[in-house]
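A quick write-up on the structure given underneath.
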Ligand SMILES: Nc1ncnc2c1ncn2[C@@H]1O[C@H](COP(=O)(O)OP(=O)(O)OP(=O)(O)O)[C@@H](O)[C@H]1O
Ligand SMILES: [Mg+2]
């Protein structure tokens, strides 16, 4: 449904998007994940024909963004970083206005406005001036305008930015409920958002794609090894951590043992083992056989956050500080 090939955007002083390529199948919901300044918004602007690419190509439902922008625009709904609402209009009035712009017939218009108001939970503010509404409502009106013409593809730039936790959950549920009928690409730098909402994830950093995979595969791929946290205690006497470490290293399947910390009589280790062998049973037996107590044994699964940091080699918050403020849209 969305095909991107070697898409590139160069500004005078930097390359915001650098030869990125990916494919998104129909009905999928894909997270476009990256730290601030990674190039998410720039990519979305090119996909929505807001801005021409410097090089490369992108097609939406088979239509090229450069050659057939009108066909592309008919098939996409776009929620930009800042919702494109007119504060001086009333909610219903604004949605009718957008519907007309998008070419809905008179007969369809009121039905679609009813439908999106209901779907995006803005029916109760239909008669209200948008300037009087909270950020959460504006964001939902932004979503309502994106789906008013029932597009095949939805491109949502940080759809939950600035919402409170309850609104975030409602918006996520709404987006999930739209998948299937629509192909959705949503950008975010919030990892739980991707874990909770998306099936696939595209991670970009400094304008380049660093990973495209399912959330599940990515977690497995980032660490092709099993990692276990082991807490060992001495029965009566203090433990000799070095001795425990030596014993653990002897267990078959163990690749590496890192000593993490000592808390009173307990020592904590992180043990890496090969993925194809479950080492936990052997570890437990070895510890007990040596006369020590096994206080804890748990898997140290890598979170998507760790994977993200590993792949981008940067912390989202610190990356934000490096960006030029000029790149931001007003109000963000
Ligand atoms: N109009 C512009 N002129 C020059 N550089 C720009 C312009 N817009 C964006 N950039 C630069 O392009 C890069 C990518 O910016 P972009 O807004 O696409 O990032 P983003 O991933 O959407 O970040 P955020 O999470 O902060 O929204 C940044 O380095 C930014 O400074
Ligand atoms: Mg952005």
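In the numbering used here, the protein residues as written are 799 to 1130. Just so you know, even glycine gets a beta-carbon here, dropped at the ideal spot from N, CA and C.
Please go through the same chain and pick out, in chain order, the residues whose beta-carbon is closer than 8 Å to the beta-carbon of residue 809, but skip the five residues on each side of it.
none
What's the call for residue 1059, buried or exposed, on a 16-neighbour Cβ count within 10 Å?
exposed
Residue range of the unbroken alpha helix (DSSP H) whose run includes residue 1037:
Element bounds for residue 1037: n/a, residue is neither H nor E.
Report all residues from its chain with a CB closer than 7 Å to the CB of residue 1116; omit the five preceding and five following residues, and keep chain order.
Below a pLDDT of 50, predicted positions are generally treated as unreliable, and residue 1116, at 36, falls in that range; the measurement from the model is reported next regardless. So the list is empty, once near-sequence residues are dropped.
Can you tell me whether DSSP reads residue 836 as helix, strand or coil?
coil
Quick check: the region 968-979 against the region 802-822, are there 3 or more CB pairs under 8 Å?
no
Please state whether DSSP places residue 816 in a helix, a strand or coil.
strand
Who are the near neighbours of residue 920 in its chain, counting only those whose CB is closer than 7 Å to its CB and skipping five residues on each side?
889, 935, 938, 939, 942
Going by beta carbon distance, what residues of the same chain come within less than 8 Å of residue 1048, once the five residues before and after it are set aside?
1084
3-residue-minimum beta strand (DSSP E) runs that sit fully inside the region 848-931, ordered along the chain:
853-858, 874-877
Taking the alpha carbon of residue 1093 as the point to measure from, which residue in 1110, 1064, 930, 1043 has its own alpha carbon closest?
1064
What does DSSP give as the partner residue(s) for residue 1001 in the beta ladder?
831, 1009
Determine the direct distance from the alpha carbon of residue 852 to that of residue 904, and round the result to whole angstroms.
39 Å
So, using beta-carbon positions, are residue 1002 and residue 856 closer together than 8 Å?
no
Rounded to a whole number of angstroms, what is the C-alpha to C-alpha distance between residue 1027 and residue 1082?
12 Å
Between the Cα of residue 1030 and the Cα atoms of 1087, 1076, 1050, which residue gives the shortest distance?
1087
Kindly indicate the opening and closing residues of the beta strand (DSSP E) around residue 808.
800-808
Checking the sheet assignment: what are the DSSP bridge partners for residue 1054?
1070
Using the C-alpha atoms, what's the distance from residue 882 back to residue 944?
10 Å
Taking the straight line between their C-alpha atoms, what separation do you get for residue 1132 and residue 1072?
For residue 1132 there is no data in the structure shown, the boundaries of the chain being 799 and 1130.
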